[in-house]
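Report on the following structure.
Numbering (the numbering used here), first residue to last: 813 to 957.
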């Protein structure tokens with residue numbers, strides 16, 4: 813798979829929902845080739861960090877939008893990539909690389925609780941998917957920059 817599908821498809825760049833992005837990415841790729849690699853870098857965070865007191869007053873405010881992008885975007889990308897990779901011939905079917913964050917492992921010095929929780933979910937989901945699909949020859953890893 814060439815990386816131009818990730819970078820230049822206008823249908824991906826102009827849509828804002830993670831569901832559409834994940835589905836379009838995989839469907840565009842499968843129209844021309846088999847899928848051997850998926851690198852997901854779904855991620856957003858609040859425009860400016862919120863003081864911790866904001867979290868105590870309003871737990872939910874940024875959480876749904878961050879989960880929709882950071883977690884569900886990766887979830888749907890993996891879902892459709894795994895379905896496509898299962899069809900690949902041979903023993904090694906493909907590789908998925910999900911980008912989490914170092915905050916998933918150690919937390920953050922500035923209050924960004926929703927972002928940290930969403931990236932922790934990406935890391936945990938990646939570990940689980942790796943265990944489930946290892947026997948199928950699909951490698952799934954996470955980076956935590």
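Positions of the beta carbon are idealized from the N, C-alpha and C atoms, including for glycine.
Find out if the Cβ-Cβ distance for the pair residue 907, residue 931 is shorter than 9 Å.
-> Their beta carbons are not under 9 Å apart, which means residue 907 does not touch residue 931 by this criterion.
With 16 as the cutoff for other CB atoms within 10 Å, does residue 915 come out buried or exposed?
-> Around the beta carbon of residue 915, 16 or more other beta carbons lie within 10 angstroms, which makes this residue buried.
Cα-Cα separation between residue 851 and residue 945, rounded to whole angstroms | Separation of residue 851 and residue 945 (C-alpha to C-alpha, rounded to the nearest whole angstrom) is 16 Å.
What is the DSSP secondary structure of residue 995, reduced to helix, strand or coil?
-> A query on residue 995 cannot be resolved here, the shown segment of the chain reaching from 813 to 957 and no further.
For residue 950, collect the residues of the same chain with a Cβ closer than 8 Å to its Cβ; drop the 5 residues on either side in sequence, then sort them by chain order.
-> Sequence-distant partners of residue 950 (beyond 5 residues in either direction) whose C-beta falls short of 8 Å from its own C-beta, in its chain, are 894, 897, 898, 905, 906, 907 and 908.
N- and C-terminal bounds of the alpha helix (DSSP H) containing residue 878 | According to the DSSP assignment, residue 878 belongs to the alpha helix (DSSP H) that extends over 875 to 878.
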